[in-house]
Amino acid sequence: MFVALAVVVLGLALWAASGGDDRRELTLGELESRATARSVATATVRDRDQVVEGTLSDGTEFQASFPADYAGELTSRLLAAGVELRTDAQRPTLWGNLLYALLPTVIIVGVLLFVLSRTPGGRGAMQLGKAKAKRFKPDGPAVTFADVAGIDDAVEELAELKDFLTHPARFAALGARVPRGVLLYGPPGTGKTLLARAVAGEAGVPFFSIAGSDFVEMFVGVGASRVRDLFNQAKAEAPAIVFVDEIDAVGRHRGQGLAGANDEREQTLNQLLVEMDGFEQGNGVIVIAGTNRPDILDAALLRPGRFDRQIAIDRPDLLGRQAILAVHAKGKPLGDGVDLAVVARRTPGFTGADLANVLNEAAIGCARRGAARITQADLEAATEKVIAGPEKRNRVMTDADKRLIAYHEAGHAVVGHVLPGCSPVHKVSIMHRGRALGWTLAVPEQDKVFQRRSELHDELAMLLGGRVAEEVVTGDPTTGAQNDIERATRIARAMVTQFGMSDAVGPRLVGDADGRDPLAARDTSESVLGTVDAEVRALLDEARQRARAVLTEHREALDRLADALVARETIADDELVSLLPPAP
Numbered sequence: 000m001f002v003a004l005a006v007v008v009l010g011l012a013l014w015a016a017s018g019g020d021d022r023r024e025l026t027l028g029e030l031e032s033r034a035t036a037r038s039v040a041t042a043t044v045r046d047r048d049q050v051v052e053g054t055l056s057d058g059t060e061f062q063a064s065f066p067a068d069y070a071g072e073l074t075s076r077l078l079a080a081g082v083e084l085r086t087d088a089q090r091p092t093l094w095g096n097l098l099y100a101l102l103p104t105v106i107i108v109g110v111l112l113f114v115l116s117r118t119p120g121g122r123g124a125m126q127l128g129k130a131k132a133k134r135f136k137p138d139g140p141a142v143t144f145a146d147v148a149g150i151d152d153a154v155e156e157l158a159e160l161k162d163f164l165t166h167p168a169r170f171a172a173l174g175a176r177v178p179r180g181v182l183l184y185g186p187p188g189t190g191k192t193l194l195a196r197a198v199a200g201e202a203g204v205p206f207f208s209i210a211g212s213d214f215v216e217m218f219v220g221v222g223a224s225r226v227r228d229l230f231n232q233a234k235a236e237a238p239a240i241v242f243v244d245e246i247d248a249v250g251r252h253r254g255q256g257l258a259g260a261n262d263e264r265e266q267t268l269n270q271l272l273v274e275m276d277g278f279e280q281g282n283g284v285i286v287i288a289g290t291n292r293p294d295i296l297d298a299a300l301l302r303p304g305r306f307d308r309q310i311a312i313d314r315p316d317l318l319g320r321q322a323i324l325a326v327h328a329k330g331k332p333l334g335d336g337v338d339l340a341v342v343a344r345r346t347p348g349f350t351g352a353d354l355a356n357v358l359n360e361a362a363i364g365c366a367r368r369g370a371a372r373i374t375q376a377d378l379e380a381a382t383e384k385v386i387a388g389p390e391k392r393n394r395v396m397t398d399a400d401k402r403l404i405a406y407h408e409a410g411h412a413v414v415g416h417v418l419p420g421c422s423p424v425h426k427v428s429i430m431h432r433g434r435a436l437g438w439t440l441a442v443p444e445q446d447k448v449f450q451r452r453s454e455l456h457d458e459l460a461m462l463l464g465g466r467v468a469e470e471v472v473t474g475d476p477t478t479g480a481q482n483d484i485e486r487a488t489r490i491a492r493a494m495v496t497q498f499g500m501s502d503a504v505g506p507r508l509v510g511d512a513d514g515r516d517p518l519a520a521r522d523t524s525e526s527v528l529g530t531v532d533a534e535v536r537a538l539l540d541e542a543r544q545r546a547r548a549v550l551t552e553h554r555e556a557l558d559r560l561a562d563a564l565v566a567r568e569t570i571a572d573d574e575l576v577s578l579l580p581p582a583p
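Each residue of the sequence shown is one higher than the one before, starting from 0 at the first, in numbering that gives the first Met the number 0.
Following this line, the structure appears as structure tokens:
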């Protein structure tokens with residue numbers, strides 16, 4: 000719109016600068032006759048344009064054209080007739096002067112307004128400081144606590160917010176203060192956003208949702224303005240709920256930016272702190288925030304009075320996974336033999352999003368084969384697809400490669416079956432899935448809260464069992480154990496630097512808790528780091544020797560299982576147990 004307006008203004012200015020269209024057109028003959036009759040006052044001969052312009056004796060402006068190479072003769076005739084000749088220059092006008100003075104400014108302003116009108120969100124220049132929150136009306140399809148499963152403790156905590164919002168007088172009579180903020184933290188996919196929507200659906204109040212990154216902008220002060228606008232919207236419809244997803248995008252520790260305490264992100268955080276617990280109190284707005292990294296949030300944001308409650312949303316346990324599967328199974332035609340409890344047992348560590356993906360993949364697989372109901376086989380295939388990736392049946396392998404992969408996976412299975420600290424092995428396959436050439440599925444009998452040191456030692460041996468099987472059988476290991484070595488090294492280093500399971504290093508933390516900060520070990524001496532490397536190497540060497548001892552002792556079972564894998568590609572459950580050595 001701004002560009003079109005600028006074009007119109009520019010066209011009018013050019014028309015005005017040209018003096019308008021009221022000049023009288025004369026032929027060359029008429030002009031010469033009038034000049035002879037002394038009725039032409041002034042004239043300007045423009046040889047370049049082959050045009051003569053001027054003014055008649057009565058003040059009328061005229062214009063006439065002449066042929067090429069006639070300018071000299073025409074000038075002589077006009078002079079002889081006593082016409083006042085002016086120089087060949089643009090006739091100065093007020094509009095022309097204004098045009099040339101203001102044209103650059105008009106162009107710059109027009110371009111600037113055009114760019115600002117195209118800012119993210121399409122809100123225009125005047126809307127840059129407005130919050131981008133999405134409002135969910137209570138009269139729409141509501142999500143309730145019945146749609147949330149597997150995290151009953153968190154639901155119980157948040158159910159109190161419903162009472163606060165629907166019956167505030169009951170708590171005010173006892174002097175209780177409504178919590179201003181609730182922080183939901185936990186791994187991705189555990190249901191933090193779903194819980195916030197369930198609170199809004201149960202309470203029947205307006206629900207505003209915004210991402211933490213929506214506050215931060217390249218222009219200084221925009222983030223703080225959006226925070227103010229968001230809370231003003233919520234206050235206007237109080238009681239209301241504001242949900243800030245991934246609040247760590249704006250709530251990180253202050254004083255760590257490149258511009259110190261004056262950068263845009265920290266100004267936004269300061270405004271958020273003021274809105275949550277500033278001079279004005281009791282505005283009827285509850286803030287629910289979600290994050291995967293509560294450890295990096297600013298201390299002022301986490302204190303009581305801002306986020307009064309901090310609720311951990313962890314991965315669901317066995318019963319929780321079964322309840323989540325039941326929720327997501329609604330509306331899906333399940334076969335008679337489907338047992339969701341079996342799927343729940345085989346998916347330890349899965350989040351609610353992972354379990355929803357399992358059921359969705361099962362429904363897709365069922366539709367692909369043209370069946371009317373989802374079977375247990377569909378659910379098992381979907382679980383394996385989510386864990387290891389889709390099958391790749393078209394990849395061509397030589398018999399030698401196929402046998403080598405079979406020995407690799409058989410090595411994992413035999414070592415995992417013999418060592419007591421490993422989870423039971425349920426399935427072994429040399430069918431390609433994702434980036435894996437083969438895979439071994441070991442599922443614990445029950446969820447574990449922690450792992451003992453002996454169990455970690457056994458897990459290291461199982462991870463290296465595939466590489467050791469290659470060495471035992473061929474004496475020439477391959478690159479197929481890359482992922483196994485990576486996982487084993489990560490576990491061994493965590494045992495030394497985080498879990499305090501090394502006598503040489505002792506119960507101390509070396510580096511940061513999750514290994515993401517490469518500079519976190521800067522306060523650790525070189526001698527300690529050298530000891531850490533030596534201890535990690537010792538753990539891996541010990542695991543390798545234990546795996547070698549198991550496979551050497553049970554070489555017959557290793558060969559038997561490898562031959563069966565080459566013949567049938569996938570072996571599971573009872574058939575697998577019959578091929579493995581007797582349990583210790």
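Each residue gets a CB set at the ideal place from its N, CA and C atoms; glycine is no exception.
In the DSSP assignment, ARG314 falls outside any beta strand (DSSP E), carrying neither H nor E. Around the beta carbon of SER501, a 10 Å sphere encloses 16 or more other beta carbons of the protein chains shown; the residue is thus reported as buried.
Bounds of any alpha helix (DSSP H) do not take in THR473, whose DSSP letter is neither H nor E. Taking the C-beta atoms as reference points, ASP247 is found no nearer than 7 Å to ARG302. If you look at ALA340, you'll find it in the alpha helix (DSSP H) that goes 339-344. Taken through DSSP and simplified to helix, strand or coil, TYR69 comes out as coil.
The stretch 150-157 makes contact with the stretch 190-202: 3 or more CB pairs, one atom from each, lie closer than 8 Å.
For THR35, there is no enclosing beta strand (DSSP E); the enclosing alpha helix (DSSP H) covers residues 27-35. Going by DSSP, ALA556 is part of the alpha helix (DSSP H) stretching over 554-567. Taking each of GLY510, PRO66, GLY319 and ARG367 in turn and checking the Cα distance to GLY190, the smallest one comes out for GLY319. By the neighbour-count criterion, in which 16 or more other beta carbons inside 10 Å mark a residue as buried, GLN266 falls on the buried side. Spatial neighbours of VAL326 in its own chain (CB-CB distance under 7 Å, excluding positions within 5 residues in sequence) are listed in chain order as ASP146 and ALA148. Collapsing the DSSP output to three states places ALA370 in coil. ASP573 and HIS425 have their C-alpha atoms roughly 9 Å apart.
With respect to the 7 Å criterion, ARG227 and PHE214 are not classified as neighbours on the basis of their beta carbons. Distance from VAL243 to VAL286 at the Cβ level is roughly 7 Å; contact confirmed, criterion being Cβ atoms closer than 8 Å. Spatial neighbours of SER422 in its own chain (CB-CB distance under 8 Å, excluding positions within 5 residues in sequence) are listed in chain order as GLY415, ALA441, VAL442, PRO443 and GLU444. In the structure shown, ASP213 falls within a helical segment according to DSSP collapsed to helix, strand and coil. The three-state reading of DSSP puts GLN49 in coil, since its state is none of H, G, I, E or B. Closest in alpha carbon position to ASP57, among THR346, ARG33 and ILE386, is ARG33.
LYS426 sits in a strand when the DSSP states are folded into three classes. Taking the Cβ atoms as the reference, ALA223 lies roughly 17 Å from VAL284, outside the contact range of under 8 Å. Counting the other Cβ atoms within 10 Å of the Cβ of SER208 gives 16 or more, which makes it buried. Non-local C-beta neighbours of LEU30 in its own chain, meaning closer than 6 Å and more than five positions away in sequence, comprise ALA63, ordered along the chain. Boundaries of the beta strand (DSSP E) around ASP244: 239-244.
For LEU157, the enclosing alpha helix (DSSP H) has its first and last residue at 151-165. A straight-line Cα-Cα distance of about 8 Å links ARG37 and VAL82. Around SER212, the same chain offers ALA248 as residues with beta carbons nearer than 6 Å, after the five sequence neighbours per side are excluded. Secondary structure of SER526 (DSSP, three-state): helix.
By the criterion of a C-beta distance shorter than 7 Å, PRO186 is surrounded in its chain by ASN291, ARG314 and THR350, once the five residues flanking it on both sides are discounted. In this model, MET494 and ALA487 are separated by some 11 Å (Cα to Cα). DSSP places GLU263 within a helical segment (H, G or I) once states are collapsed to three.
Of the candidates THR346, ALA299, ASP307 and GLY330, THR346 places its Cα closest to the Cα of GLN321. Fewer than three Cβ pairs drawn from the stretch 368-378 and the stretch 403-417 lie within less than 8 Å of each other, which leaves the two stretches out of contact. Distances from the CA of ILE386 to each of ALA405, ARG432 and VAL395 were compared; the closest alpha carbon is that of ARG432. Shown here, ARG320 sits in a helix according to DSSP, grouped into three states.
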